Amino acid sequence: MSMQMTRLFRRLALVGALSLAATSAFAQDVGYNFMPGTDFAKFKTYRWVEIKDAKHPDDITDAQIRQAIDTQMAAKGLTKTDAESADLYMAYQVALNQEKQLNSYTTGGYGAWGYGPGYRGYGYGAYGGGGMTTATTSTITVGTLSLDMYDPAVKQLVWRGTASKTMQGT
Numbered sequence: 000m001s002m003q004m005t006r007l008f009r010r011l012a013l014v015g016a017l018s019l020a021a022t023s024a025f026a027q028d029v030g031y032n033f034m035p036g037t038d039f040a041k042f043k044t045y046r047w048v049e050i051k052d053a054k055h056p057d058d059i060t061d062a063q064i065r066q067a068i069d070t071q072m073a074a075k076g077l078t079k080t081d082a083e084s085a086d087l088y089m090a091y092q093v094a095l096n097q098e099k100q101l102n103s104y105t106t107g108g109y110g111a112w113g114y115g116p117g118y119r120g121y122g123y124g125a126y127g128g129g130g131m132t133t134a135t136t137s138t139i140t141v142g143t144l145s146l147d148m149y150d151p152a153v154k155q156l157v158w159r160g161t162a163s164k165t166m167q168g169t
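Written out as structure tokens, the structure reads:
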């Protein structure tokens with residue numbers, strides 16, 4: 000796959016993740032995979048299709064995701080069409096999953112770092128002992144957008160990109 004196509008697909012996955020949540024707090028995880036031997040230069044047109052039972056966001060977010068992807072595809076010279084004869088079929092789906100997150104922290108004057116008497120004499124370093132480590136769990140929501148590209152001529156998935164991001168306020 001050309002470097003230009005690689006950049007396009009990374010950008011598409013990133014756009015999808017950013018479209019999922021404008022209020023997210025943590026970095027996204029973006030990845031893609033493609034069918035070895037696929038000649039991506041042969042693709043000139045694409046068509047949006049639906050994945051049976053796929054989950055989609057509200058109509059506004061759906062339009063934003065598609066528009067962002069359409070813009071990137073056009074910038075790379077691909078043309079969107081409604082014709083069955085399109086070179087590529089494209090579809091996406093989203094998912095929101097609940098995950099547990101472990102949070103831990105240490106409190107107390109002992110077992111801290113600072114300036115004062117310590118195990119190496121007087122100076123900067125660890126001193127004292129004790130302290131208390133506390134662990135809590137919280138539930139976080141992770142949003143994932145998957146974008147698939149199918150080659151209808153060979154009836155095969157040729158590329159899949161995913162972007163996942165921890166969401167806030169959901």
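The sequence shown lines up with residues 0 to 169 when you count with numbering that gives the first Met the number 0. In this text, a Cβ means the ideal position worked out from N, Cα and C, and glycines have one as well. Since the model is a prediction, treat every value here as computed from it, not as a measurement.
Whole angstroms is fine: what's the gap from residue i's alpha carbon to residue j's?
i: residue 126; j: residue 132; result: Bear in mind that a pLDDT of 49 at residue 126, under 50, signals an unreliable position, so the model cannot answer this.
i: residue 79; j: residue 146; result: 16 angstroms
i: residue 21; j: residue 141; result: With a pLDDT of 39 at residue 21, under the threshold of 50, the predicted position of this residue should be treated as unreliable, and no value is reported.
i: residue 43; j: residue 160; result: 19 angstroms
i: residue 56; j: residue 158; result: 22 angstroms
i: residue 46; j: residue 83; result: 8 angstroms
i: residue 32; j: residue 148; result: 11 angstroms
i: residue 155; j: residue 77; result: 19 angstroms
For the alpha helix (DSSP H) holding residue i, just list the boundary residues, first then last.
i: residue 60; result: 58-74
DSSP puts residue i in a beta bridge; with which residues?
i: residue 30; result: 161
i: residue 79; result: 45
i: residue 103; result: 134
Would you mind reading off the limits of the beta strand (DSSP E) that contains residue i?
i: residue 141; result: 131-150
i: residue 44; result: 44-47
On the three-state DSSP scale, how would you describe residue i?
i: residue 154; result: coil
i: residue 85; result: coil
i: residue 40; result: helix
i: residue 90; result: strand
i: residue 22; result: Bear in mind that the predicted position of residue 22 carries a pLDDT of just 37, short of 50, making it unreliable; the figure below should be weighed with that in mind. Here residue 22 sits in coil by DSSP.
Pop quiz: residue i and residue j are said to be a contact at Cβ under 8 angstroms. What is the actual Cβ separation, rounded to whole angstroms?
i: residue 173; j: residue 138; result: Outside the shown range of the chain (0 to 169) lies residue 173, about which nothing can therefore be said.
i: residue 92; j: residue 50; result: 6 angstroms
i: residue 27; j: residue 164; result: 4 angstroms
i: residue 90; j: residue 48; result: 5 angstroms
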